[in-house]
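Participant:
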Amino acid sequence: MSRADPAPPRAVEPAPAAAPLPAAFYDRPVLEVAPALVGCVVRHGDTAGVIVETEAYHHSEPACHAYVGLTARTRPLFGPAGVAYVYRSYGIHALLNAVCEPEGVGAAVLIRALAPLDGLEVMRARRRVARDAELCSGPGKLTQALGVGLEHNATSLVDGPVRIEPRPPAWAAPALLTGPRVGITKAADLPWRFCAAGSRHVSRPWPPGLRDAAA
DNA sequence: CATGGGATTGACT
DNA sequence: GTCAATCCCATGC
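Counting along the first sequence from 1, when you hit position 144 you're at 149 in the numbering used here, and nothing is skipped either side.
What follows is the structure, given as structure tokens:
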């Protein structure tokens with residue numbers, strides 16, 4: 006083509022994928038990693054979203070799958086940090102976790118909700134919901150929207166197909182709310198859930214009294 | 001080998 | 001507010 010030709014139209018602007026978080030980010034206490042992941046970006050293919058809700062799990066408490074010890078199922082949880090732990094919930098949904106802490110410690114952060122960032126049209130095609138706020142507002146919803154499945158279990162979040170990137174500038178210091186984890190019966194009192202204050206994309210609203218910190 | 005529960009969601013009353 | 005769908009796997013006989 007000649008120089009006078011207009012640039013060919015691009016179907017999709019290339020995703021400005023940042024360098025992913027290093028494994029060392031995850032290799033520390035899970036209660037530090039869980040709030041630190043809020044505002045970071047989960048990316049898979051053309052789709053990406055900003056994490057607005059997380060929960061911490063640790064093998065010392067019975068709500069964690071690793072509580073039962075090292076089994077074929079829980080092996081990734083006890084492995085090195087920076088790896089995905091994806092499992093099926095209620096026979097239907099795939100839930101995405103980021104394995105934390107040194108090898109031998111069974112700990113992970115459950116990614117519970119995202120604010121959609123890139124690939125909105127792909128997400129809408131996968132989710133078929135009325136409003137964009139429902140695309141990723143739950144742990145099973147976001148994996149469906151991003152195309153994350155059980156095949157991603159035990160893959161690297163640093164150089165695998167599903168990656169997590171540092172907080173973009175707009176999310177440099179998100180206001181956080183803390184509360185009890187959702188949907189569990191054991192160790193339900195631990196306040197190990199972390200949300201971006203005021204986000205419309207969280208999986209469940211906060212009880213009255215915690216809303217005043219909303220940004 | 002049979003059983004039961006689960007870090008959920010969507011449809012329905 | 002209630003409830004079914006659906007499957008992996010830990011546990012127990």
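By construction, the Cβ of each residue, glycine as well, lies at the ideal position given by its N, Cα and C atoms.
#1: Does the segment 141–154 touch the segment 74–88, meaning 3 or more C-beta pairs lie closer than 8 Å?
#2: Hey, out of S94, V57, A68 and G111, whose CA is closest to P81's CA?
#3: Give the DSSP bridge partners of H49, in chain order.
#4: DSSP state of A24, grouped into three classes?
#5: Between which residues of its own chain and V167 is the CB-CB distance below 8 Å, once the five residues before and five after are set aside?
#6: Buried or exposed: V43, going by 16 or more other Cβ atoms within 10 Å of its Cβ?
#7: Please work out which residues of its chain come closer than 8 Å, Cβ to Cβ, to E60, disregarding the five sequence neighbours upstream and downstream, and give them in chain order.
#8: Figure out for me which residue from S142, A177, P27 and G203 has the closest Cα to the Cα of T183.
#9: As a quick exercise: from L119, P144, F83 and A193, pick the residue whose alpha carbon is nearest that of Y31.
#10: Looking at the secondary structure, which residues open and close the alpha helix (DSSP H) in which A39 lies?
#11: Write down every uninterrupted run of the alpha helix (DSSP H) in the segment 63–122 whose length is 4 residues or greater and which is fully enclosed by it, in chain order.
#12: Suppose you measure from the CA of A220 to the CA of H70; what does that come to, to the nearest Å?
#13: The beta strand (DSSP E) spanning G240 covers which residue range?
#14: Would I97 be called buried (16 or more neighbouring beta carbons within 10 Å of its own) or exposed?
#15: Go ahead and pull the three-state DSSP assignment for T160.
#16: Applying the criterion that 16 or more other CB atoms from any shown protein chain within 10 Å of the CB defines a buried residue, is V73 buried or exposed?
#17: Looking at V207: is its Cβ nearer than 8 Å to the Cβ of V35?
#18: Where do the ends of the beta strand (DSSP E) carrying A201 lie?
#19: If contacts are defined as beta-carbon pairs under 8 Å, then D123 and D51 qualify, I think. What distance do you get, rounded to the angstrom?
#20: Could you spell out where the alpha helix (DSSP H) holding V127 opens and where it closes?
#21: Buried or exposed: S94, going by 16 or more other Cβ atoms within 10 Å of its Cβ?
#22: Using the Cα positions of A103 and L155, report the straight-line distance between them to the nearest angstrom.
Facilitator: So, from the data block:
#1: no
#2: Position 76 of the first sequence, counting from 1, holds the residue named residue 81. Checking every option, the nearest Cα to that of P81 belongs to G111.
#3: On the first sequence, position 44 is the one that residue 49 refers to. Its beta-bridge partners are T52 and V167.
#4: Taking the first sequence and counting its residues from 1, one reaches residue 24 at position 19. Reduced to three states, the DSSP call for A24 is coil.
#5: By one-based count along the first sequence, residue 167 stands at place 162. Cβ within range, chain order: V47, R48, H49, A89, L101, L151, V153, H157 and T160.
#6: Here residue 43 is taken as the residue at index 38 of the first sequence, counted from 1. Buried is the call here.
#7: Numbered from 1 along the first sequence, position 55 holds the residue referred to as residue 60. Around E60: A39, V114, L115, R117, R186, V187, W197, R198 and F199.
#8: In the first sequence, the residue the question calls residue 183 occupies position 178. Measuring from the Cα of T183, the nearest candidate turns out to be G203.
#9: Residue 31 sits at position 26 when you count from the first residue of the first sequence. When each option's Cα is compared against that of Y31, the closest is F83.
#10: Reading the first sequence from its first residue, position 34 is the one you call residue 39. Per DSSP, A39 belongs to the alpha helix (DSSP H) from V35 to L42.
#11: 80–83
#12: If you number the first sequence from 1, residue 220 lands on position 215. If you number the first sequence from 1, residue 70 lands on position 65. Any reading at A220 needs caution, since the residue's pLDDT is 29, under 50, leaving its predicted position unreliable; the model's value is listed next. The alpha-carbon atoms of A220 and H70 are separated by roughly 34 Å.
#13: The first residue shown for the chain is 6 and the last is 220, placing residue 240 beyond what the model contains.
#14: Start at 1 with the first residue of the first sequence, and residue 97 comes out as number 92. That one is exposed.
#15: Here the question's residue 160 lines up with position 155 in the first sequence. Correct three-state label for T160: coil.
#16: The count along the first sequence starts at 1 and reaches residue 73 at position 68. V73 is exposed by the Cβ-count criterion.
#17: Residue mapping note: residue 207 aligns to position 202 of the first sequence, counting from 1. Residue mapping note: residue 35 aligns to position 30 of the first sequence, counting from 1. In this structure, V35 does not lie closer than 8 Å to V207 by Cβ.
#18: The count along the first sequence starts at 1 and reaches residue 201 at position 196. Taken as a continuous stretch (DSSP letters only), the beta strand (DSSP E) holding A201 covers R198 to A201.
#19: Along the first sequence, one-based indexing puts residue 123 at 118. Along the first sequence, one-based indexing puts residue 51 at 46. So it is a contact: roughly 6 Å between Cβ atoms.
#20: In the first sequence, the residue the question calls residue 127 occupies position 122. First-last of the alpha helix (DSSP H) with V127: L125 to R132.
#21: Reading the first sequence from its first residue, position 89 is the one you call residue 94. Its Cβ having fewer than 16 others within 10 Å, S94 is exposed.
#22: Position 98 of the first sequence, counted from the start, is the residue given in the question as residue 103. Position 150 of the first sequence, counted from the start, is the residue given in the question as residue 155. The alpha-carbon atoms of A103 and L155 are separated by roughly 14 Å.
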